[in-house]
Amino acid sequence: MSDYNQQMIEKYRGNFLREVEANVEEGDWVKMCMQCGVCSGSCPLGPHWDHPPQEIFMMIRANKREEVLASTSMWMCTSCYNCIARCPRGLPITHIMHGLATYSKRLGLAPKQQPTAKFAQLFWDNLSKTGRVNELKLGLSLYFMNGFAEGVKTALKMKDIGLGMLKTKRMSPMEYFGGHKCKDTKGLHAILKKAQQLEEARIGKSGG
Amino acid sequence: MAKKSYSFYPGCSSQKAASSSNYQVSVDSMCQELDIELNEIPDWNCCSASIGYAGGGELPRLALSARNMALSEQAHPDQDIVATCAACWLATKETQERLHDDNDLLAETNQALSEAGLKLNNDKKVRHMVEVLIEDIGYEELGKHVKKPLEGLKIAGYVGCQTNRPFGIDGESFENPKYLDKMIETVGAEACDKYEKKVSCCGGALAFSEPEKSQALIKDIIESAYDNGADMIVTPCPVCQMNTEVYQDQINAKYGTKFKMPVVYYSTLLSVAYGKSAKQAALDGHIIRAKELEEIAGK
Numbered sequence: 247m248s249d250y251n252q253q254m255i256e257k258y259r260g261n262f263l264r265e266v267e268a269n270v271e272e273g274d275w276v277k278m279c280m281q282c283g284v285c286s287g288s289c290p291l292g293p294h295w296d297h298p299p300q301e302i303f304m305m306i307r308a309n310k311r312e313e314v315l316a317s318t319s320m321w322m323c324t325s326c327y328n329c330i331a332r333c334p335r336g337l338p339i340t341h342i343m344h345g346l347a348t349y350s351k352r353l354g355l356a357p358k359q360q361p362t363a364k365f366a367q368l369f370w371d372n373l374s375k376t377g378r379v380n381e382l383k384l385g386l387s388l389y390f391m392n393g394f395a396e397g398v399k400t401a402l403k404m405k406d407i408g409l410g411m412l413k414t415k416r417m418s419p420m421e422y423f424g425g426h427k428c429k430d431t432k433g434l435h436a437i438l439k440k441a442q443q444l445e446e447a448r449i450g451k452s453g454g
Numbered sequence: 023m024a025k026k027s028y029s030f031y032p033g034c035s036s037q038k039a040a041s042s043s044n045y046q047v048s049v050d051s052m053c054q055e056l057d058i059e060l061n062e063i064p065d066w067n068c069c070s071a072s073i074g075y076a077g078g079g080e081l082p083r084l085a086l087s088a089r090n091m092a093l094s095e096q097a098h099p100d101q102d103i104v105a106t107c108a109a110c111w112l113a114t115k116e117t118q119e120r121l122h123d124d125n126d127l128l129a130e131t132n133q134a135l136s137e138a139g140l141k142l143n144n145d146k147k148v149r150h151m152v153e154v155l156i157e158d159i160g161y162e163e164l165g166k167h168v169k170k171p172l173e174g175l176k177i178a179g180y181v182g183c184q185t186n187r188p189f190g191i192d193g194e195s196f197e198n199p200k201y202l203d204k205m206i207e208t209v210g211a212e213a214c215d216k217y218e219k220k221v222s223c224c225g226g227a228l229a230f231s232e233p234e235k236s237q238a239l240i241k242d243i244i245e246s247a248y249d250n251g252a253d254m255i256v257t258p259c260p261v262c263q264m265n266t267e268v269y270q271d272q273i274n275a276k277y278g279t280k281f282k283m284p285v286v287y288y289s290t291l292l293s294v295a296y297g298k299s300a301k302q303a304a305l306d307g308h309i310i311r312a313k314e315l316e317e318i319a320g321k
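So the protein lines, in turn, are chains A and B.
Letter by letter, the first sequence follows residues 247 to 454 in our numbering.
Letter by letter, the second sequence follows residues 23 to 321 in our numbering.
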């Protein structure tokens, strides 16, 4: 477990709701949930969540810190925004789920083998490198994220789709050797670095 | 009608030889006919879509869209920002809203932007191409340009998620938006008005990381189009398009179905109806060819 995680445990001493309010994107909305369950019933992957959103909100209030942050739940969010559109209390549920996922990753509590947790990290690494997504490299890194042997298997399984994309000029092997990118990658990296520093400083300050 | 100009955010998937480059080709053809000028935001970057959150925190993600908006303010001060990609539009609009509601966050974002000599005023409208068509051009005008009505075609309008929620198109409902159906009728085809998977999720980015779970959703979306007698599906979203088109063989292998349902963009339909060639409508950019449209375009 990370030092950061230990720090947070000590800082909030069993008040997980306060911890979420101070550290999670849109976390101050959590207490507004009235447990109606519309979000859980509206989620396209609802049956696959360890704990659907409504349950997550109650677990936060009940101090189930580990169970929430180490669960695969938030990583099931497809960002369809059905829950946001339907929530009678107007909670930005999609964003809270993203925020919980980000926070669990920061603390080192996100399940290591969760495929969306891995893919979402690959996506960020891919786009922040050049400023634009390199779809070919992203696809390849996805196939090989569980090691070489499984990567070859996945790549073979996806072969026909890849060929179809090549044939319709919706993919190019040339992307592997560079490809699309921002001209001012230096400026972009500076912006991202500063934004990260500012966010870390803000999180460190809040919640007392 | 006078020429209309916009500050255009194409997004990663619309680039040359990227997964929705066919979308871009048909958008260009459509815009040419409607006298819409799209001025690309210089040196735009990825919006991080809705899946960048494992690596990027809130502020870095907001800063990405803020950079695009600042560049747009600089290059095209009097033009609304227009995106064709659902995720690009959503991320940019969300950033604008959040920075509008939170002055501290706006100040921090600007502090980050200043590292690259940029500043955001955050006073632009952020719009989807569909909004431009409906609000600035109007169905009536869209219909006036039709040279080859798509008669006899039955089309399922698959709106999907992110052009519909949480913002959606003004005047439309979340549960049953009608704009795609109206566009289908505007080009002379018949809309499947009972298409019950119209606003269901295709799995989005999770089609990559959770293929089985997502393909179960996609199967229902295509099946319902067949049940409603559709010849093809039409969508405004690059992720919806790709997910519902390219996995049909894998779904057939798993579920024993015989899907071969073309999935095109609204801009494909408009381009063909406006008399553009198959190439201009990017019909060659579909893995499952829309043969009926190819026939009309070839006439």
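Glycine included, C-beta positions come from ideal geometry on N, C-alpha and C.
Within chain A, partners of residue i - CB distance below 8 Å
i               : result
C34 of chain B  : L373, R378, V379, E381, H426
Q46 of chain B  : Simply none; closest approach about 11 Å.
F281 of chain B : Going along chain A, no residue has its Cβ under 8 Å from F281 of chain B, so there is no contact; the nearest lies around 14 Å.
A213 of chain B : Going along chain A, no residue has its Cβ under 8 Å from A213 of chain B, so there is no contact; the nearest lies around 22 Å.
E80 of chain B  : E271, G345, T348, E445
E137 of chain B : G433, A436, I437, K439, K440
S222 of chain B : P290
Interface residues of chain A facing residue i [CB-CB closer than 7 Å]
i               : result
K235 of chain B : L291, H294
P8 of chain B   : Nothing about residue 8 of chain B can be read from this structure; chain B reaches only from 23 to 321.
F196 of chain B : A331
C68 of chain B  : L373, G377, R378, V379
R149 of chain B : Result: empty, since nearest Cβ-Cβ is about 18 Å, beyond 7 Å.
S43 of chain B  : K415, R416
S72 of chain B  : S325
Y75 of chain B  : H344, A347, T348, A366
C183 of chain B : C326, Y327
Cα-Cα separation between residue i and residue j, rounded to whole angstroms
i               : j               : result
L355 of chain A : L315 of chain A : 6 Å
I236 of chain A : M305 of chain A : Nothing can be reported for residue 236 of chain A, as the shown portion of chain A is limited to 247 through 454.
G226 of chain B : T266 of chain B : 10 Å
N125 of chain B : N143 of chain B : 12 Å
N90 of chain B  : P260 of chain B : 20 Å
V47 of chain B  : E265 of chain A : 48 Å
K298 of chain B : A319 of chain B : 7 Å
Q272 of chain B : P233 of chain B : 10 Å
D50 of chain B  : G433 of chain A : 30 Å
R416 of chain A : Y180 of chain B : 21 Å
L202 of chain B : T257 of chain B : 8 Å
F423 of chain A : K364 of chain A : 24 Å
D253 of chain B : L292 of chain B : 16 Å
Y161 of chain B : C53 of chain B  : 15 Å
Nearest candidate by alpha-carbon position, reference residue i, set the options
i               : options                        : result
L140 of chain B : B:C262, B:Q96, B:G77           : B:Q96
G336 of chain A : A:L368, A:E272, A:D430         : A:E272
A229 of chain B : B:I73, B:L164, B:C69           : B:I73
K440 of chain A : B:K146, B:M264, B:E130         : B:E130
R187 of chain B : B:N198, B:G179, B:I177, B:A178 : B:N198
W111 of chain B : B:C34, B:L202, B:S51           : B:C34
M278 of chain A : A:N251, A:S350, A:P334         : A:P334
S319 of chain A : A:L263, A:D406, A:P361         : A:P361
A331 of chain A : A:G425, A:F390, A:V284         : A:V284
Q184 of chain B : B:V286, B:K38, B:F196          : B:F196
Q442 of chain A : A:C323, A:T348, A:F369         : A:T348
R311 of chain A : A:P290, A:G260, A:W370, A:C323 : A:G260
K25 of chain B  : B:A138, B:D57, B:Y31           : B:D57
Helix, strand or coil at residue i according to DSSP, with G and I counted as helix
i               : result
M254 of chain B : strand
G225 of chain B : coil
K383 of chain A : helix
L60 of chain B  : strand
A40 of chain B  : coil
S87 of chain B  : helix
K200 of chain B : coil
G179 of chain B : strand
F423 of chain A : helix
Y75 of chain B  : helix
K220 of chain B : coil
A211 of chain B : coil
K26 of chain B  : strand
Within chain B, the residues that residue i reaches when beta carbons sit closer than 7 Å
i               : result
P361 of chain A : S231, E232
F369 of chain A : I73, G74
Contact set between residue i and chain B, taken where Cβ atoms lie within less than 9 Å
i               : result
E421 of chain A : A39, A40
Within chain B, the residues that residue i reaches when beta carbons sit closer than 8 Å
i               : result
I342 of chain A : Neighbours of I342 of chain A on chain B: none; closest Cβ ~11 Å, over 8 Å.
**Asked** Unbroken beta strand (DSSP E) runs of length 3 or more, entirely within the stretch 90-172 of chain B: which are they?
**Response** 103-105, 148-150
**Asked** Taking the runs of the alpha helix (DSSP H) that are 4 residues or longer, which of them lie wholly in the stretch 259-344 of chain A?
**Response** Runs found: 262-269, 284-288, 299-307, 311-315, 328-332.
**Message:** Which complete alpha helix (DSSP H) runs does the stretch 363-421 of chain A hold, if anything under 4 residues is left out?
**Reply:** 381-389, 394-403, 405-413
**Request:** Kindly provide the ranges of any beta strand (DSSP E) runs that are 3 or more residues long and lie completely inside the stretch 222-309 of chain B, ordered along the chain.
**Result:** 254-257, 285-287
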